[in-house]
Amino acid sequence: MFIGLCGTICAGKHTVAKFLVETYGFQILRLAAPTTTPVPKEDGSSTTDTVVTSFPDNGNLTFPTIEELLEYVTERWQQMFVMTDISNEDMLDTLLKRPFFILVSVDAPVVVRWKRYIEKCKAYNLSLPTPTLETFVEKADKHMFDPQTGLIPLFVRATLHLLNSSTSIETFYESLKTLDLTDETRLRPTWDAYFMQLANLAAQRSNCMKRRVGCVLVREKRVISTGYNGTPRGLTNCNDGGCARCNSASAGGSGLSTCLCLHAEENALLEAGRERIGKGSILYCDTCPCLTCSVKIAQVGISEVVYSQAYSMDNKTADVLSEGGVKLRQFSPPREGIVLLGQNSDTFTGTRFYAHADIKNN
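So this is what it looks like as structure tokens:
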């Protein structure tokens, strides 16, 4: 595994790297910094040119180019490496060609970073005036948003975004341990993660005004059919006014008998047909099936249902599927996206931010 770290000033990316070294035995890799060196001309005069020089750095391995660094890692891809020197998208594009690389960003509230910056200046006995908050913000904004050197293009492409509001190294380390950054499924998704991502993608085609839901029907690790919720073929799409119930202010769970929208599970089952489903088929859905869909799932002989988000009648669904001999389980992938780490020194608080609610409202 090869983890790349990018971070705002005093957010803690070097602390994350240190944690990986101390906890999991990662090796830190560095890129040699460009240095300005006089280069003699043929006529004996000199000019100033930029030369990349390799240098030792506390036992860390240093390389003159990103290509040489990547070649070194590729030959040892089963080992664990980390670097904090990713500075532009060209470099990131080179690294992302390898299936064992993942980019993680680290950030923290600006006032927290400003206070850390002041403490860092004191710790290193730097004879510099204490920076005001305004001065620090200007410096931080340039580091993040400068058109030529800013890191924002890297941040938006990171798989995992860590928000480090920890008040101590110990708290931060405990927070990081709960994330399990070395989970191999971050690099290559499991079959569950793969099919659930397909279900999430199918949900993007939904035209239902109440909620997007996607479903994938699988047998022997092959996709049989997909489905998403919305009005039937030939009818006006729900988001164009085709379903009066979904376009009204009706409360979740009410007026379902007047709803014209087919659920994602229903569409997937209709598309597949019972003869194509067969024993051993698995239904993946980004939301736990409702009671009505669970009855149909049991009827066609599906062996297992895997879902990610809860629904208001999960217990009733579970009862129906259990009696029908259908296994029901919830999929819990490793945390990704934006994760808030440790807000106080006594108790770790880890929160994953979702772009959707956890309760189905149609």
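Position 337 of the sequence shown, counted from 1, bears residue number 337 in the UniProt record's numbering, the numbering being contiguous throughout. Glycine is no exception: its CB is placed at the ideal position from the N, C-alpha and C atoms.
Tell me, to the nearest whole angstrom, how far the beta carbon of residue i is from that of residue j; I am working on the premise that it is less than 8 angstroms.
i, j, result
"V320", "E304", "That pair is no contact at about 14 angstroms."
"V104", "L187", "Rounded, the Cβ-Cβ distance is 12 angstroms, inconsistent with contact."
"V82", "L5", "7 angstroms"
"A199", "V223", "Not really, about 10 angstroms apart at Cβ, beyond 8 angstroms."
"T231", "G242", "4 angstroms"
"I338", "L181", "About 15 angstroms; that fails the 8 angstroms criterion."
Please list, in chain order, all residues of the same chain as residue i whose beta carbon is under 7 angstroms from its beta carbon, the five residues on each side excluded.
i, result
"Y117", "I9, C10, P131 and F136"
"H263", "V213, N229, C290 and C293"
"M144", "T8, G150, L151 and I152"
"R329", "V306"
"D25", "In the sequence as displayed, the identity of residue 25 is Gly instead of Asp. M80, listed in sequence order."
"V300", "L269, R274 and I277"
"S248", "none"
"D43", "Because the pLDDT of D43 is 48, which lies under 50, any placement of that residue in the model is unreliable, and the number read from its coordinates should be weighed accordingly. None."
"A318", "L328"
Using the Cβ count rule (16 or more neighbours within 10 Å means buried), how would you classify residue i?
i, result
"D141", "exposed"
"E266", "buried"
"K13", "buried"
"I28", "buried"
"F19", "buried"
"D314", "buried"
"I302", "buried"
"T226", "buried"
"V156", "exposed"
"R276", "exposed"
"A123", "exposed"
"Q309", "buried"
"K120", "exposed"
"T74", "exposed"
"A244", "exposed"
"I66", "buried"
"L95", "buried"
"A33", "exposed"
"S345", "Its pLDDT being 35, under 50, S345 is placed unreliably by the model, and the measurement read from it follows with that caveat. Counting Cβ neighbours within 10 Å, S345 comes out exposed, since fewer than 16 surround it."
"T23", "exposed"
"L31", "buried"
Going by Cα to Cα distance, which pick from the options is closest to residue i?
i, options, result
"L92", "L70, I169 and E119", "L70"
"S165", "S322, T15 and I3", "T15"
"L201", "N239, T185 and C285", "C285"
"K139", "A158, V21, V110 and F26", "V110"
"Q197", "P333, K279 and G25", "P333"
"G280", "A310, V216, E220 and Q309", "E220"
"P189", "C246, T258, P99 and C243", "P99"
"E271", "R76, V218 and T159", "V218"
"E89", "N247, L154 and K115", "L154"
"L260", "L61, Q78, T185 and K210", "K210"
"P64", "W114, S206, L160 and D85", "D85"
"K296", "E134, A33 and R274", "R274"
"Y206", "L96, T182, W191 and N237", "Going by the sequence as given, residue 206 is Ser instead of Tyr. Ranking the options by Cα distance to S206, first place goes to N237."
"R113", "E134, L128 and F101", "E134"
"A193", "T167, A158, L179 and F331", "F331"
"A17", "I66, L31 and V106", "V106"
"Q148", "T23, S312 and S87", "S87"
"W77", "E184, P129 and I169", "E184"
"S168", "L235, S248, T287 and K115", "K115"
"A108", "F172, R233 and L128", "F172"
"T287", "S127, E68 and A203", "A203"
Excluding the 5 residues preceding and the 5 following residue i in the sequence, name in chain order all residues of the same chain whose CB lies nearer than 6 angstroms to its CB.
i, result
"G324", "A298"
"L61", "L29"
"L160", "V104 and E336"
"N239", "N207 and M209"
Measuring only between beta-carbons, confirm whether residue i sits less than 8 angstroms from chain C.
i, result
"M144", "Within the model displayed, chain C is absent; a lone protein chain is all it includes."
Would you say the beta carbon of residue i is closer than 7 angstroms to some non-hydrogen atom of the ligand SAH?
i, result
"L270", "Looking at this structure, you won't find the ligand SAH or any other ligand, since it has none at all."
Between which residues of its own chain and residue i is the CB-CB distance below 8 angstroms, once the five residues before and five after are set aside?
i, result
"Y72", "L29, L61 and F63"
"I102", "M1, F2, I3, G4, T159, L160, R186 and L187"
"V21", "Q27, I28 and V82"
"F195", "V216, V218, V223, I282, Y284 and V306"
* Runs of alpha helix (DSSP H) lying entirely within the region 85-158, each at least 4 residues, in chain order -> 89-96, 110-123, 133-145 and 152-155
* To do: Kindly provide the ranges of any alpha helix (DSSP H) runs that are 4 or more residues long and lie completely inside the region 181-212, ordered along the chain.
  => 191-203
* In chain order, which beta strand (DSSP E) runs of at least 3 residues are fully inside the region 211-285? -> 214-219 and 222-228
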